[in-house]
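Just so we're on the same page, our numbering is the position in the sequence shown counted from 1, plus 5.
The C-beta atom is built at its ideal place from N, Cα and C for all residues, glycine as well.
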Amino acid sequence: EISFTRGQSSSSGTSKASQEFFANEIRAPLTELEAGEAVSIVDPGGRLLGVGYVNPRSLIAVRILAHDEATLDSRFFAARLRAAEALRRRVRPGVRAYRLCHGEGDDVPGLIIDRYDDVYVVASHTAGIDRLLPEIVDAIAHAVAITVVAGLVRKAHADVVGDDHAVAVAQADDQVRGRLAQGPEDR
Numbered sequence: 006e007i008s009f010t011r012g013q014s015s016s017s018g019t020s021k022a023s024q025e026f027f028a029n030e031i032r033a034p035l036t037e038l039e040a041g042e043a044v045s046i047v048d049p050g051g052r053l054l055g056v057g058y059v060n061p062r063s064l065i066a067v068r069i070l071a072h073d074e075a076t077l078d079s080r081f082f083a084a085r086l087r088a089a090e091a092l093r094r095r096v097r098p099g100v101r102a103y104r105l106c107h108g109e110g111d112d113v114p115g116l117i118i119d120r121y122d123d124v125y126v127v128a129s130h131t132a133g134i135d136r137l138l139p140e141i142v143d144a145i146a147h148a149v150a151i152t153v154v155a156g157l158v159r160k161a162h163a164d165v166v167g168d169d170h171a172v173a174v175a176q177a178d179d180q181v182r183g184r185l186a187q188g189p190e191d192r
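Structure below.
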């Protein structure tokens, strides 16, 4: 659980709809946390503002995924992806190539998923999404009943989050088969 403080200099206010909390707004010592670790964020009065993930080495220290109690597991992501898929089907019925998940726009900051027929390409832009990739791949398999998930995970700020990139490929049917492979040499 992490407490935050928002001063008058903050442009984002204390709205419950906030999806990001900056390092200078966090009262807890961030250095004790691992990049991508799941956290709950509360206001100074102890009221839950959301559940998300932390990156102690980033200016945006916490990204919120849910504004209530939630477990960030494959069921959580499957629900988000089903909602995103339903929206795309309403807006563009019959189309089989599109952006299924567009990060903050679909309430999953740091995650991009593009669909090309039955192939889904996953791009992670945060340490939290990197850490949650197994749950996300499982969610894709169960939420949209697909056969292949192939993704290149790129980290734009390698000096902040570590590795330059990782590659994820998984075959999926009733259960996801496969593992996340690290580095281009494993493709």
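Tell me, please, which residues DSSP counts as bridged to residue i.
i	result
H130	Partner(s): none; H130 has no beta bridge.
L105	DSSP, once it has assigned bridges, lists no residue as partnering L105.
I145	Bridge partners of I145: none, in fact.
P25	A quick correction: the sequence has Glu, not Pro, at residue 25. BP columns for E25 point to R68.
Identify the continuous alpha helix (DSSP H) that holds residue i and give its terminal residues.
i	result
R80	79-96
Terminal residues of the continuous beta strand (DSSP E) containing residue i?
i	result
G57	53-59
L70	65-71
D119	116-121
When the distance is taken between beta carbons, is residue j closer than 8 Å to residue i?
i	j	result
L77	E37	no
Q24	R68	yes
V59	A66	yes
A33	L64	no
Query raised in the report: Is the stretch 120-135 in contact with the stretch 28-45, if contact means three or more CB pairs nearer than 8 Å?
Result: Yes: at least three Cβ pairs fall under 8 Å.
Query raised in the report: Counting pairs of beta carbons, one from the stretch 88-96 and one from the stretch 53-73, are three or more of them closer than 8 Å?
Result: Touching, no.
Query raised in the report: Between the stretch 112-124 and the stretch 47-55, do three or more beta carbon pairs fall short of 8 Å?
Result: Touching, no, given that fewer than three Cβ pairs across the two stretches are closer than 8 Å.
Report task. Counting only runs of 3+ residues fully inside the stretch 28-53, write out the beta strand (DSSP E) ranges in chain order. Result -> DSSP runs (the beta strand (DSSP E)) wholly in the stretch 28-53: 43-47.
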